[in-house]
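**Q** One structure follows; several queries about it will come next.
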Amino acid sequence: MRYLLYFLQKQYIYFLFLALEAISLLLLFNNNEYQNNAVTTVSNRFAGALLNMSSNVSEYFSLRRVNRILAEDNAKLHSNRSEAFYKSDTSSFYQNDSLYKLEYRYISARVINNSTNKRNNFLMLNKGHRQGIENHMGVIMGNRIVGQVVSVSDHFCWVMSLLNKDSRISGKFKKNNQLVNIEWGGGNYQIGEVKEIPKHVVIHKGDTIITSGNSDIFPEGLMIGTIDHFTIAQEENFNYATIRFATDFNSLSFVEVLIDMMRKEKEDLKNSFKSSER
Amino acid sequence: MTIIFLKNIGRFVFLILFQVLILNNIQFGGYINPYFYIYFILLLPFETPRWLLLLSAFLLGILLDAFTNTFGLNASACVLMAFVRPFVISAISTGTEFMVGHSPSLKNQGLKWFAYYSIILVLVHHFALFYLEIFRFTEFFQTLLRVLLSSAFTLLIVFIAEYLSYPTEK
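From first to last, the protein sequence lines are chains Z and Y.
Using our numbering, the first residue of the first sequence is number 1, and each one after it goes up by one.
Using our numbering, the first residue of the second sequence is number 279, and each one after it goes up by one.
Below is the structure:
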């Protein structure tokens, strides 16, 4: 015992080193389970306050661009008003009134911290639990996708941007509904990868990729980007292409969080299906 | 002694703010992220006890992680760097006595010594950081390029900072 203590005393620096490394790596690789614990909540509060101040200053520099995007969105919304539609008197078509069955609600949020230069990028928004934000909600800008919420505290939330190695979006070709997966391979923040394109799909440069609506996070039809470059594989079963993202991740300042009003219903349905299967 | 202590705490706070508010927003084609905040670990005085070295590096890293939502990433790289520091110092020692209360610096130790010292430690930190961040080998060479470019950029800022503090430090 005496020798053990002596040994510990002599070598304590190695144990301290190993202990600190163990704590760090544990935090790093268990991040998903720890996401909502006290540590993140407290650190979000402090980090959020500071980053909020910094963004208060920097958002002035992007006002001109934000105005332009808002004007575009306004124009788009105006064109969707009922006055803008042709009224047929043979009223046989089904009008899917958005107020009649409200499926998605949008909460506008400000980006107070953002990065595009890491391999795994996150954004911090100035909205949290108090404003009704939960994990796994989708984040969009106009009709372009940005990412999904991964961690929420009372007033802030972290969003995993599309520019992340864990991010995987289910998309499809707008022209023929063929499903593909979109990932980001690091490097240039404007270019992503389109994987698993079936051989028979004819690809052209500039083809539009939109969300498929297969995941619970994004509804169908949001813009992801356009095909930038493609290679026809000789041996493999799938072709590969790169995509130019529609979202400019480096200049995000205002985004919208999508709140799915029917999410509980969908999840219950899925769970009942699973339990009856067993 | 208190002055050295306060000076280091001031440097600690300044470097974290500088990193979070300015350097983390720098974007050069997705390959270069300078991590200048480790300048704090480079500049801790020679006679800093090793436990304090490890603990302060851990604190530095974990605080930075809080701002980027990457808990443990910067902390583990910093602790590794602080752990290696004494070995590096003894390996490249020139035999001259280090004065008590002094930090490693370009002026006192000379260009060659300081270059070896900072290049090795910055590379250790950046290697650990970038490979832990990606944690797979499929993008090995791409990550290597990021490590080397970012290290070069970090070192550039370190040397600029050293030359800027040249005339004032006695």
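C-beta atoms are modelled at their ideal positions from N, C-alpha and C, and glycine is treated no differently.
(1) Can you tell me which of Y:335, Y:388 and Y:361 puts its alpha carbon nearest to the alpha carbon of residue 315 of chain Y?
(2) When you check each C-beta in the region 117 to 131 of chain Z against every C-beta of chain Y, which residues fall closer than 7 Å?
(3) Indicate whether at least one CB of chain Y lies closer than 9 Å to the CB of residue 46 of chain Z.
(4) For residue 248 of chain Z and residue 147 of chain Z, I'd like the C-alpha separation in whole angstroms.
(5) Taking the beta carbon of residue 293 of chain Y as the centre, do at least 16 other beta carbons fall within 10 Å, making it buried, or is it exposed?
(6) Which residues, in order along the region 153 to 171 of chain Z, keep a beta-carbon less than 7 Å from a beta-carbon of chain Y?
(7) Could you tell me the distance, in whole angstroms, from the CA atom of residue 153 of chain Z to the CA atom of residue 130 of chain Z?
(8) At a CB distance below 8 Å, what residues from the region 1 to 28 of chain Z approach chain Y? Give them in sequence order.
(9) Count the other C-beta atoms from every protein chain shown that fall within 10 angstroms of the C-beta of residue 309 of chain Y, then say buried if there are 16 or more, exposed otherwise.
(10) Could you have a look at residue 209 of chain Z and say whether DSSP puts it in helix, strand or coil?
(11) At a cut of 8 Å, does the region 396 to 407 of chain Y reach the region 359 to 375 of chain Y through at least three beta carbon pairs?
(12) Grab me the residues of residue 323 of chain Y's own chain with a C-beta within less than 7 Å of its C-beta, minus the 5 sequence neighbours each way, in chain order.
(13) Does the distance from the CB of residue 115 of chain Z to the CB of residue 170 of chain Z come in under 9 Å?
(14) From what residue to what residue does the alpha helix (DSSP H) around residue 277 of chain Y run?
(15) With a CB to CB cut of under 6 Å and the five nearest residues on each side skipped, what residues in its chain are close to residue 349 of chain Y?
(16) Which two residues bound the contiguous beta strand (DSSP E) that contains residue 241 of chain Z?
(17) Exposed or buried, what is residue 406 of chain Y when buried is set at 16 or more other beta-carbons lying within 10 Å of its beta-carbon?
(18) Taking the alpha-carbon positions, what's the residue 390 of chain Y to residue 15 of chain Z distance?
(19) With 8 Å as the limit, tell me which residues of the region 185 to 199 of chain Z have their beta carbon closer than that to any beta carbon of chain Y; keep them in chain order.
(20) Is residue 297 of chain Y helix, strand or coil by DSSP?
(21) I'd like the span of the alpha helix (DSSP H) that includes residue 229 of chain Z, first residue to last.
(22) 9 Å is my cut-off, CB to CB: does residue 181 of chain Z come that close to chain Y?
(23) Can you round the beta-carbon distance between residue 227 of chain Z and residue 246 of chain Z to whole angstroms, since I take them to be within the 8 Å contact cut?
(24) With 9 Å as the threshold, decide whether the Cβ of residue 354 of chain Y is near any Cβ in chain Z.
(25) Tell me whether residue 2 of chain Z is buried or exposed, calling it buried when 16 or more other Cβ atoms sit within 10 Å of its Cβ.
(26) With a 10 Å radius around its C-beta and 16 neighbouring C-beta atoms as the bar for buried, classify residue 327 of chain Y as buried or exposed.
(27) Tell me, to the nearest whole angstrom, how far the beta carbon of residue 485 of chain Y is from that of residue 299 of chain Y; I am working on the premise that it is less than 8 Å.
(28) List the DSSP bridge partners of residue 106 of chain Z.
(29) List, in order along the chain, the chain Z residues whose C-beta lies closer than 9 Å to that of residue 329 of chain Y?
(30) Is there a C-beta anywhere in chain Y that falls below 9 Å from the one on residue 135 of chain Z?
(31) Is it right to say residue 288 of chain Y is buried, meaning 16 or more other beta carbons lie within 10 angstroms of its own, or is it exposed?
(32) Beta carbon of residue 176 of chain Z, beta carbon of residue 201 of chain Z: below 9 Å?
(33) Based on Cα-Cα distance, which residue from Y:383, Y:421, Y:329 and Y:370 lies nearest to residue 357 of chain Y?
(34) Look at the Cβ atom of residue 119 of chain Z, then the Cβ atom of residue 59 of chain Z, and state whether they are nearer than 9 Å.
(35) Give the single residue among Z:185, Z:132, Z:157 and Z:5 whose Cα lies nearest to the Cα of residue 43 of chain Z.
(36) What residues of chain Z sit near residue 324 of chain Y, judged by a beta carbon separation below 9 Å?
**A** Short version:
(1) Y:335
(2) 117, 118, 119, 120 and 122
(3) yes
(4) 12 Å
(5) buried
(6) 158 and 165
(7) 9 Å
(8) 12, 13, 16, 17, 20, 21, 23, 24, 25, 26, 27 and 28
(9) buried
(10) strand
(11) yes
(12) 282, 379, 380 and 381
(13) no
(14) In the structure as shown, chain Y begins at 279 and stops at 448. Residue 277 of chain Y is therefore absent and cannot be evaluated.
(15) 343
(16) 238 to 245
(17) buried
(18) 33 Å
(19) 185, 186, 187, 188 and 189
(20) helix
(21) Premise fails: residue 229 of chain Z lies in the beta strand (DSSP E), 223 to 231, not in any alpha helix (DSSP H).
(22) no
(23) Residue 227 of chain Z to residue 246 of chain Z, Cβ: 12 Å. No contact.
(24) yes
(25) exposed
(26) exposed
(27) A question about residue 485 of chain Y goes unanswered here, because the residues of chain Y that appear run from 279 up to 448.
(28) Z:258
(29) 12, 13 and 16
(30) no
(31) exposed
(32) yes
(33) Y:329
(34) no
(35) Z:157
(36) By Cβ distance, chain Z contributes nothing, its closest Cβ being about 16 Å from residue 324 of chain Y, past 9 Å.
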